[in-house]
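Below: one structure, written as structure tokens.
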Amino acid sequence: LRKEGIVDVLDVKYHDVLKNPAVIASRLAAFLGEGFDATSATAAVDPSLRHERA
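The working numbering puts the first residue of the sequence shown at 1015, with every later residue one more than the last.
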């Protein structure tokens, strides 16, 4: 669908969210538009809860 231009897609890498949550939240806000709270999204990122692999 993305290749055909039917939907807009924003790729977000997990490690980028952990490294720079405010920057990614700002990108998300621009992509999603009004109603997205970038400040709350940034505050919700806790790098200490990093995903563990088995």
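All C-beta atoms in this analysis are idealised placements derived from N, C-alpha and C, irrespective of residue type, glycine included. The structure displayed is predicted, hence computed values, not measured ones.
Item to check | Pick from E1018, K1017, V1037, V1023 that is closest to A1057, judged by C-alpha positions | outcome: V1037
Checklist entry - Buried or exposed: where does A1044 fall if 16 or more other Cβ atoms within 10 Å of its Cβ makes it buried? => result exposed
Checklist entry - So A1055 packs on L1063, CB below 8 Å; how close in whole Å? => result Actually they do not touch by this definition, with Cβ atoms about 15 Å apart.
Checklist entry - On the three-state DSSP scale, how would you describe K1017? => result coil
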